[in-house]
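This report concerns only the one structure given below.
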Amino acid sequence: MAAATELLRPNWVILNQSNVHVAKDRGSFQTYTPWASRLGSISAGGDGTPVFGVGTVDLQTCVDGITTTITLHDVLHVPDYDCNVIGQGIFDDDIVDTSKGEKGGILSESREQITCTKEDDHLVTVDVLPPGSHVFEPSAFAPGDPDMMPCSWNKAEVQKWEAFKMKYPMALGFDGTRLYIPAERFFMKDNYGGESEFFRQQGLDIKETEDRTLGRAILRGVMHAGRSDQSLVFRWTQNGVFDLASVHRY
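Residue numbers for the sequence shown, in the working numbering: 342 to 591.
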């Protein structure tokens, strides 16, 4: 999550011709997997805008005093994009009325309104609450701004991400770019005989930089899942009890 002092972009634009959700701010994500890619536009050429990660984002909304959480999956982290985007995926799960104001917004399958759209934006934007103690920066939009062009994630890139999720589910939501902490090295030694054996079992090459990053992410996923296994919660060390529950997600 973002630091309490970090300002987040407030504008979440509904673009039903976009095939992906987009978030500008790293602090918007609940889960996050570093991922290099490019985000294109349906109508514009060029190489596209850099993607730095993929994850889930929880949007807090309030209608008639009732607070609801809308969870967006497979959201791209694109810091250089103009705004946050809710793509066509939301139309698969919910009913969306793109009218502006109280009549518009996102409705559940039972047609209960769970968010409104803003009346003061020339684009169709969802009215969301700041997450936790964080605050939003001023709106990025002004009257007369041009409409947003729908964004597009290349089909080959989508397939690459889906294949990664299927092959390495334990790595999802964990950051492998950070180096090991002592507790993680202890876990590998105690449960796999060391880093080399852990990598061998995962089918990864310990000499390859990308594989080492992926291996660290998988390890953190394995350790997180193991916290629900009572046989893995406590391990003895020379200095006393090592509490695996103290190892957090990264």
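No residue lacks a Cβ here, since even glycine has one placed at the ideal position from N, Cα and C. Keep in mind the model is a prediction, meaning the values are calculated, not measured.
Requested in this report: Note down the Cα distance separating leucine 356 from lysine 501, rounded to an integer number of angstroms.
Outcome: 23 Å
Query - 8 Å contact criterion, which proline 375 and aspartate 531 should meet: CB distance rounded - result: Between aspartate 531 and proline 375 the Cβ distance is about 27 Å, and since that is not below 8 Å, they are no contact.
Report task. Determine the direct distance from the alpha carbon of cysteine 424 to that of valine 361, and round the result to whole angstroms. Result -> 13 Å
Report task. Output the distance between the C-alpha atoms of threonine 611 and lysine 508, rounded to the nearest integer angstrom. Result -> Since the displayed the chain opens at 342 and closes at 591, residue 611 lies outside it and no answer follows.
Query - Residues that DSSP places opposite aspartate 516 in a beta bridge - result: For aspartate 516, which the question treats as bridged, DSSP gives no partner whatsoever.
**Report entry** Residue nearest to arginine 379 in terms of C-alpha spacing, selected from Pro420, Thr372 and Arg519
**Finding:** Pro420
Requested in this report: Taking all protein chains shown into account, decide if glutamate 498 is buried (16 or more other Cβ within 10 angstroms of its Cβ) or exposed.
Outcome: buried
Query raised in the report: For tyrosine 533, which three-state DSSP category applies?
Result: helix
Query raised in the report: Using DSSP with H/G/I as helix, E/B as strand and the rest coil, what is aspartate 570?
Result: Residue placement at aspartate 570 is flagged as unreliable, the pLDDT there being 43, under the threshold of 50; a coordinate-derived value is accordingly withheld.
Requested in this report: Go through its chain and collect everything with a Cβ distance to arginine 592's Cβ below 6 Å, but skip five positions before and after it.
Outcome: What the structure shows of the chain is the stretch from 342 to 591, and residue 592 is not part of that stretch, so it cannot be assessed.
Query raised in the report: With a cut-off of 8 Å, do at least 3 Cβ pairs link the segment 365 to 375 to the segment 392 to 400?
Result: yes
Requested in this report: Can you have a look at lysine 365 and say buried or exposed, based on whether 16 or more other CB atoms are within 10 angstroms of its CB?
Outcome: buried
Query - Close Cβ partners of methionine 511 (< 6 Å) along its chain, the five nearest in sequence each way excluded - result: Ile559, Gly562 and Val563
**Report entry** Through-space distance from phenylalanine 540 to valine 467, alpha-carbon basis
**Finding:** 44 Å
Query - Contact check, methionine 490 vs valine 354, beta carbons under 7 Å - result: no
Query raised in the report: Going by the CB atoms, is the gap between leucine 470 and glutamine 401 shorter than 7 Å?
Result: yes
Query raised in the report: Who are the near neighbours of threonine 408 in its chain, counting only those whose CB is closer than 8 Å to its CB and skipping five residues on each side?
Result: Gln401, Thr402 and Leu470
Query raised in the report: Quick one, which of Glu525, Ile522 and Ser493 has its alpha-carbon nearest aspartate 388's?
Result: Ser493
Query - Reduced DSSP category for histidine 475 - H, G, I as helix; E, B as strand; rest coil - result: coil
Query raised in the report: How about isoleucine 522 and serine 537: do their beta carbons lie closer than 7 Å?
Result: no
Query raised in the report: Helix, strand or coil: how does DSSP classify glutamine 610 here?
Result: Not covered by the structure: residue 610. The range shown for the chain is 342 to 591.
Query raised in the report: CA-CA distance, phenylalanine 524 and leucine 464?
Result: Looking at the sequence provided, one finds alanine at residue 524 rather than phenylalanine. If you take the alpha carbons of alanine 524 and leucine 464, they lie about 49 Å apart.
**Report entry** Residue environment, glutamine 542, which counts as buried when at least 16 other CB atoms sit within 10 Å
**Finding:** exposed
Query raised in the report: Mind pulling the beta strand (DSSP E) runs of 3 or more residues that sit fully within the segment 358 to 397?
Result: 362 to 364 and 370 to 382
Query raised in the report: If we call anything under 7 Å between Cβ atoms a contact, is asparagine 352 one with alanine 504?
Result: no
Query raised in the report: Where does aspartate 546 sit, in a helix, a strand or coil, going by DSSP?
Result: coil
Query raised in the report: Excluding sequence positions up to five away, which residues of its chain have a Cβ less than 7 Å from the Cβ of valine 476?
Result: Leu348
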